[in-house]
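Single-structure report; data block below.
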């Protein structure tokens with residue numbers, strides 16, 4: 328298989344984006360203004376909070392874009408690997424593809440081979456046996 332190319336876009340997002348279970352930034356929320364006993368926050372505080380929220384949204388957008396590029400790059404790399412595998416091992420690839428097609432064909436034929444009555448409802452004989460068994464109990 329060809330060597331794996333390492334590009335700067337394929338690096339881990341650990342250094343770039345937030346970590347799971349990382350505490351939220353306190354600059355986005357003023358905890359003192361959230362208490363019901365105090366008066367409403369001043370206009371300056373609201374402007375600062377909006378600016379902080381805008382920065383957070385921009386950061387989130389950049390993180391999502393980077394994650395999308397990385398995912399897309401991973402999918403392209405997987406396609407390249409599959410293509411290289413098919414080129415290097417064509418007989419094995421044909422055998423694997425044939426096995427998948429055969430498994431799908433067997434499962435479809437097994438589903439279609441059952442008669443419609445067996446799938447839909449019990450036969451009349453089964454119902455008669457059930458009623459006879461119930462009568463014998465009483």
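In this note's numbering, the protein residues as written are 328 to 465.
C-beta: ideal position from N, C-alpha, C; glycine also.
Three-state secondary structure assigned by DSSP to residue i
{"i": "residue 450", "result": "coil"}
Nearest-angstrom beta carbon gap, residue j and residue i [assumed within contact, 8 angstroms]
{"i": "residue 420", "j": "residue 413", "result": "4 angstroms"}
### Message
Threshold first: 4 residues or longer. Then list the alpha helix (DSSP H) segments lying entirely within the region 364-441, N to C.
### Response
370-415, 417-440
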